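Following: one structure in structure tokens, then a few remarks.
Protein chains in written order, with the working numbering: chain A, 558 to 873; chain B, 558 to 873.
Next up, the structure:
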């Protein structure tokens, strides 16, 4: 994956732990039932085969067939043909190549498209005027601004200038927010591509550790979010003494956000505890927050800080 | 931390790797310069001391003093007193306790507040009417809807009904999106509390592995985002052969998102490669995507899929 050597995500699904990098026993060609064979193949250390090379080209052809059928049935219901408007700024050769590929592929599946070409000295205001017009144009179903943009233009501002419902690159702040909350959203195409490759190949990620090497906000982060997600918005449970001293490294700093009310046999009263086995863990950690008297009062303080920030209109 | 046993985040900062759970050598009381002592204390295995118990109560008092000064200086400039409006639905005792604490703390720092109390059978429409009025009210600087809400009300819809600039709980989709993109935003108070405890205690997280146990969207996810973030929006670099076979587990599935143009000594031409040492890694992995012909064409296909989704208005 695109890597910035400075950081990675290690995510874990909802089942038991397995070692880093998800291992798949499922061949993209074989039925799930045959999965065991490849697995045994490794375990009984028979002759090692090279990896199955996943052809994104072939998979993309298949998906484009599906999209083409989707487009035709959509139109057959009396709807207008989907229309993609691409804003291309300057003369970056790579950007022009990418845009040509997108236009060509759109045509192949029956999606109308147009390129709005602007010189590299175009003003941010003009770009926002263009996105506004496209936002309001009922013929236009999707809008894409090919990145990167020249330095004098703020990419974030321009991405947020596209109506979220037409933001087919999924870079609008609302689409990012929805993605990070497991809500339906238009997902950034690269992250979506990785997800689709994994799903269609039958690679199992559920309950596995997955390393996402790369901390970029337009690739690594959304990929991590997709892989982390299970489509359910869960409320935190909170379990007294879930974190025991054997889980904690000598000298670790432990911050307990848990809130649990338990019956105290000593006093017969109900008392508040966190998720950490405080008495045992405090002997091993270098720093620890108690419950109550730890994160709780700090949370109230930070709420008030936010209120002051809001009053000062510092953020918005 | 609040834990759902089903998943965790393991994040890594920008420096070298250290083992799980950040270790701090810095006492919250001692100056940074004295950090080494505690560290040597561990290394030379002198008598092990219990963890320093971080008092959130004391830290919160300090922060509230700072907020109080901030409020007074803000008012002394002729500005109105910050005002927090809290919407409280039903008679959940815990919710009433939390709200009382917030009101009391607000008063202590000179922030006006009001509770808008509604019966548990209040309609979602009425709640949205209330947030609309508060959004438009120039006296109101912050709005908070105490969660949980009754089942017949969609919490997400109500949270998004608050103007982002008044959303002091930081749950609006735009504040979540901005947080996940390292932009300034109103940060959820619990995540903000954890961050502030770490920073003020002098616990070093830069370059360390930090385990965030808990996958909730209102605590675990924003905490993971804060800890992962370095405040810089980085573009992916992409480095040919950055991922070598020794990094890859036998049978792993490897998906390469890298795009690099390199000079091919054989042909003398420029060729496209990913970030993975393909020839070596394919001998060890179970699945691998090539570059070109892997993620690239899939990305284009997914863009078109998004365009069709947008045309069908399936998501918005």
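Beta carbons are placed, not taken as given, at the ideal position from N, Cα and C, and that holds for glycine. Since the structure is predicted, the reported quantities are computational estimates derived from the model, not experimental observations.
Counted within 10 angstroms of its Cβ, other Cβ atoms place residue i as buried (16 or more) or exposed
i, result
"residue 816 of chain A", "buried"
"residue 781 of chain A", "buried"
"residue 537 of chain B", "With chain B represented from 558 up to 873, any question about residue 537 of chain B goes unanswered, as that position is not in the structure."
"residue 819 of chain A", "exposed"
"residue 637 of chain A", "exposed"
"residue 591 of chain B", "Low confidence applies to residue 591 of chain B: its pLDDT is 35, below 50, so where it sits in the model is not reliable, and the reading given next is rough at best. By the 10 Å Cβ count, residue 591 of chain B comes out exposed."
"residue 629 of chain B", "exposed"
"residue 874 of chain B", "What is shown of chain B runs 558 to 873, which leaves residue 874 of chain B out entirely."
"residue 826 of chain B", "exposed"
"residue 728 of chain A", "buried"
"residue 732 of chain B", "buried"
"residue 741 of chain A", "exposed"
"residue 622 of chain B", "exposed"
"residue 745 of chain B", "buried"
"residue 698 of chain A", "buried"
"residue 597 of chain B", "Note that residue 597 of chain B scores a pLDDT of 34, beneath 50, so its modelled location is shaky; the value from the coordinates is reported in the next line. Per the 10 Å Cβ criterion, exposed."
"residue 822 of chain A", "exposed"
"residue 775 of chain B", "buried"
"residue 689 of chain B", "exposed"
"residue 734 of chain A", "buried"
"residue 635 of chain A", "exposed"
Host alpha helix (DSSP H) of residue i (start-end)
i, result
"residue 683 of chain A", "681-693"
"residue 655 of chain A", "650-666"
"residue 717 of chain B", "712-718"
"residue 702 of chain A", "Segment 699-702 is the beta strand (DSSP E) holding residue 702 of chain A; no alpha helix (DSSP H) there."
"residue 646 of chain B", "No alpha helix (DSSP H) contains residue 646 of chain B, which is instead part of the beta strand (DSSP E) from 640-646."
"residue 838 of chain B", "835-838"
Extent of the continuous beta strand (DSSP E) run through residue i
i, result
"residue 633 of chain B", "First-last for residue 633 of chain B: 613-633, but that is the alpha helix (DSSP H), not the beta strand (DSSP E)."
"residue 674 of chain B", "669-675"
"residue 860 of chain B", "Counting along the chain, residue 860 of chain B falls outside any beta strand (DSSP E), though it belongs to the alpha helix (DSSP H) covering 852-869."
"residue 827 of chain B", "827-830"
"residue 818 of chain B", "817-820"
Neighbourhood of residue i by C-beta distance below 6 Å, restricted to the same chain and skipping five residues each side
i, result
"residue 670 of chain B", "641, 660, 663"
"residue 588 of chain B", "Note on residue 588 of chain B: pLDDT 34, under 50, position unreliable in the model; the coordinate value appears next. Cβ within range, chain order: n/a, list empty."
"residue 701 of chain A", "643, 725, 726"
"residue 696 of chain B", "640"
"residue 619 of chain A", "none"
"residue 844 of chain A", "810"
"residue 783 of chain B", "748, 752"
"residue 625 of chain A", "666, 667"
"residue 692 of chain A", "720"
Cutoff 7 Å; reference residue i; Cβ partners in own chain excluding five residues on either side
i, result
"residue 652 of chain A", "645, 703"
"residue 834 of chain B", "798, 800, 801, 802"
"residue 795 of chain B", "815, 816, 817, 832"
"residue 912 of chain B", "Any answer about residue 912 of chain B is impossible in this case: the structure gives chain B only from 558 up to 873."
"residue 721 of chain A", "729, 731, 732"
"residue 608 of chain A", "none"
"residue 714 of chain A", "681"
C-beta neighbour in chain D for residue i, strict 8 Å
i, result
"residue 814 of chain A", "Among the protein chains in the structure shown, which are A and B, there is no chain D."
Beta-carbon proximity list for residue i, same chain, < 8 Å, skipping 5 on both sides
i, result
"residue 677 of chain B", "646, 647, 648, 707"
"residue 847 of chain B", "813, 831, 835"
"residue 655 of chain A", "703"
"residue 631 of chain A", "639"
Near the ligand PLP: residue i beta-carbon under 7 Å from a heavy atom
i, result
"residue 866 of chain A", "The model depicted lacks the ligand PLP and carries no ligand whatsoever."
What are the residues of the stretch 639-660 of chain A that lie near chain B, defined by any Cβ-Cβ distance shorter than 9 Å?
639, 640, 641, 651, 655, 658, 659
Short-range partners of chain A found in the stretch 681-715 of chain B, where Cβ spacing is below 8 Å:
698, 699, 701, 705, 713
Within 7 Å of chain A by C-beta, residues of the stretch 823-853 of chain B in sequence order
832, 839, 840, 842, 843, 844, 845, 846, 847, 850, 851, 852, 853
Listed from N- to C-terminal order along the chain, which residues in the stretch 731-743 of chain B have their beta-carbon within a distance smaller than 9 Å of any beta-carbon of chain A?
731, 732, 733, 734, 735, 736, 737, 738, 739, 740, 741, 742, 743
Quick one: which unbroken alpha helix (DSSP H) runs of 4-plus residues sit fully inside the stretch 734-806 of chain B? Chain order, please.
746-758, 777-785
The stretch 748-770 of chain A: which residues have C-beta closer than 8 Å to a C-beta of chain B, in chain order?
749, 750, 751, 753, 754, 755, 758, 760, 770
In chain order, what residues of the stretch 602-629 of chain A put their CB closer than 7 Å to some CB of chain B?
607, 608, 609, 610, 611, 612, 613, 614, 616, 617, 620, 621, 624, 627, 628
Under 9 Å (Cβ pairs) to chain B, residues found in the stretch 852-873 of chain A
852, 853, 854, 855, 856, 857, 858, 859, 860, 861, 862, 863, 864, 865, 866, 867, 868, 869, 870, 871, 872, 873
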